[in-house]
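**Q**
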Amino acid sequence: MLLSGAFLNTFFQDSEAFMDWSLLGFQGLSQVFNIHPVFVHFPIALFPIALFFYFIGIIQKRKDFLLAGQICLGFGMAGTILSVLTGYWAQESFPHGETIHRMMGTHRVLGFVILALAVGLMLWSFLKREGMPKASPFFLVLIGLTTLLTLQNADLGSRMVFVEGAAVKAVPQEENHEHGESAPEKEEAPHDHHGHDHNH
Numbered sequence: 086m087l088l089s090g091a092f093l094n095t096f097f098q099d100s101e102a103f104m105d106w107s108l109l110g111f112q113g114l115s116q117v118f119n120i121h122p123v124f125v126h127f128p129i130a131l132f133p134i135a136l137f138f139y140f141i142g143i144i145q146k147r148k149d150f151l152l153a154g155q156i157c158l159g160f161g162m163a164g165t166i167l168s169v170l171t172g173y174w175a176q177e178s179f180p181h182g183e184t185i186h187r188m189m190g191t192h193r194v195l196g197f198v199i200l201a202l203a204v205g206l207m208l209w210s211f212l213k214r215e216g217m218p219k220a221s222p223f224f225l226v227l228i229g230l231t232t233l234l235t236l237q238n239a240d241l242g243s244r245m246v247f248v249e250g251a252a253v254k255a256v257p258q259e260e261n262h263e264h265g266e267s268a269p270e271k272e273e274a275p276h277d278h279h280g281h282d283h284n285h
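Each number in my numbering comes from the position in the sequence shown (counting from 1) with 85 added on.
Written out as structure tokens, the structure is:
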């Protein structure tokens, strides 16, 4: 009893040191350049899960797994629609250079391809024979391709943000508080989506 009391006392003391309650309240939504990152994780998570459920459902002829796969596929498609829309609006929300501009173009094209595949797969999932999608092996291959492209696009998006610094506000380094050596900043002229000069 004394041990648990001491643990709780230490826990709450540490919480006071490391927990800043003023940071709570979803303030980030009003501070970020765009809300695209809010939606992109849904297709990233749901398409692989849909692939897993459909694979088990088709191999084992399990209707419950097939239904679970269809539900995940539907929510993944909805997440893709929101990701594409918010991504399209996001491209004008921050200044960027030529490197990010080229990456953004590729990211956008892959997004539209993934969306087309997701919509096609969702429609296909309703064309059933004995409770399974028609031409089930090809259906699985197409979900696998959609999952692969989604993960590839996620990798590209993360490189834009975490490597190239797209839509990231610069944070000044505090003295005596370093987690590692800071990388040199890259200087690039901002790119214009509506013209040839690189200025927003």
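Positions of the beta carbon are idealized from the N, C-alpha and C atoms, including for glycine.
Alpha carbon to alpha carbon, what distance is there between residue 242 and residue 155?
**A** Taking the sequence shown and counting its residues from 1, the one referred to as residue 155 is at position 70. Taking the sequence shown and counting its residues from 1, the one referred to as residue 242 is at position 157. Computed Cα separation, rounded: 26 Å.
**Q** If you draw a straight line from the C-alpha of residue 149 to the C-alpha of residue 205, how long is it?
**A** Translated into positions along the sequence shown, residue 149 becomes position 64. Translated into positions along the sequence shown, residue 205 becomes position 120. Taking the straight line joining both Cα atoms gives about 22 Å.
**Q** Would residue 144 be called buried (16 or more neighbouring beta carbons within 10 Å of its own) or exposed?
**A** Locating residue 144 in the sequence shown gives position 59, where the first residue counts as 1. Exposed: under 16 other Cβ atoms inside 10 Å.
**Q** Measure from the alpha carbon of residue 210 to the alpha carbon of each residue in 124, 111, 122, 153, then state which is nearest.
**A** As a position in the sequence shown, residue 210 is number 125, starting the count at 1. Of 124, 111, 122, 153, the residue nearest in Cα terms is 153.
**Q** Check whether the Cβ atoms of residue 199 and residue 165 lie closer than 8 Å to each other.
**A** The count along the sequence shown starts at 1 and reaches residue 199 at position 114. The count along the sequence shown starts at 1 and reaches residue 165 at position 80. For residue 199 and residue 165, yes; Cβs fall inside 8 Å.
**Q** Which same chain residues, not among the five before or five after residue 232, have their C-beta less than 6 Å away from its C-beta?
**A** Your numbering for residue 232 matches position 147 in the sequence shown. For residue 232, where only same-chain residues beyond five positions count, the Cβ hits under 6 Å are 132, 133, 136.
**Q** Excluding the five sequence neighbours on either side, which residues of its own chain have a C-beta within less than 7 Å of the C-beta of residue 265, listed in chain order?
**A** Working through the sequence shown from its first residue, we reach residue 265 at position 180. Below a pLDDT of 50, predicted positions are generally treated as unreliable, and residue 265, at 49, falls in that range; the measurement from the model is reported next regardless. Closer than 7 Å at Cβ, skipping near neighbours: no residue.
**Q** How about residue 142 and residue 207: do their beta carbons lie closer than 8 Å?
**A** Within the sequence shown, numbered from 1, the residue matching residue 142 stands at position 57. Within the sequence shown, numbered from 1, the residue matching residue 207 stands at position 122. No, they are not a contact pair.
**Q** If I follow the unbroken alpha helix (DSSP H) through residue 169, where does it start and stop?
**A** In the sequence shown, counting from the first residue as 1, residue 169 sits at position 84. Looking at the DSSP string, the run of the alpha helix (DSSP H) that includes residue 169 is 148–175.
**Q** Residues in its own chain within less than 8 Å of residue 195 by CB, not counting five upstream and five downstream?
**A** Position 110 of the sequence shown, counted from the start, is the residue given in the question as residue 195. For residue 195, where only same-chain residues beyond five positions count, the Cβ hits under 8 Å are 234, 237, 238, 241.
**Q** Measure the CB-CB distance between residue 103 and residue 168 and report whether it falls below 8 Å.
**A** In the sequence shown, the residue the question calls residue 103 occupies position 18. In the sequence shown, the residue the question calls residue 168 occupies position 83. Not a contact, by the Cβ cut-off of 8 Å.
**Q** Taking the alpha helix (DSSP H) that residue 209 falls in, what are its first and last residues?
**A** Taking the sequence shown and counting its residues from 1, the one referred to as residue 209 is at position 124. First-last of the alpha helix (DSSP H) with residue 209: 183–209.
**Q** I'd like to confirm the pairing. Which residues does DSSP put opposite residue 217 in its beta bridges?
**A** Taking the sequence shown and counting its residues from 1, the one referred to as residue 217 is at position 132. According to DSSP, which records beta bridges pairwise, residue 217 is partnered with 214.
**Q** Between residue 142 and the ligand MN, is there a pair consisting of the residue's CB and a ligand heavy atom that are separated by less than 7 Å?
**A** Although the ligand MN was asked about, the structure shown includes no ligands whatsoever.
**Q** Just the C-alpha distance for residue 146 and residue 191, rounded to the nearest angstrom, thanks.
**A** Residue mapping note: residue 146 aligns to position 61 of the sequence shown, counting from 1. Residue mapping note: residue 191 aligns to position 106 of the sequence shown, counting from 1. Those two C-alpha atoms are separated by around 38 Å.
**Q** Whose C-beta lies closer than 8 Å to the C-beta of residue 157 among residues of the same chain, with five residues either side of it excluded?
**A** Mapped onto the sequence shown, residue 157 falls at position 72. Within the same chain, residue 157 has close Cβ partners 131, 132, 134, 135, 138.
**Q** What number of angstroms, rounded off, separates the C-alpha of residue 225 from the C-alpha of residue 106?
**A** The residue labelled residue 225 in the question sits at position 140 within the sequence shown. The residue labelled residue 106 in the question sits at position 21 within the sequence shown. Their Cα atoms are separated by approximately 46 Å.
**Q** Less than 8 Å separating the beta-carbons of residue 203 and residue 172?
**A** Sequence index remark: in the sequence shown, residue 203 carries index 118 (1-based). Sequence index remark: in the sequence shown, residue 172 carries index 87 (1-based). Cβ distance not < 8 Å, so residue 203 and residue 172 don't count as in contact.
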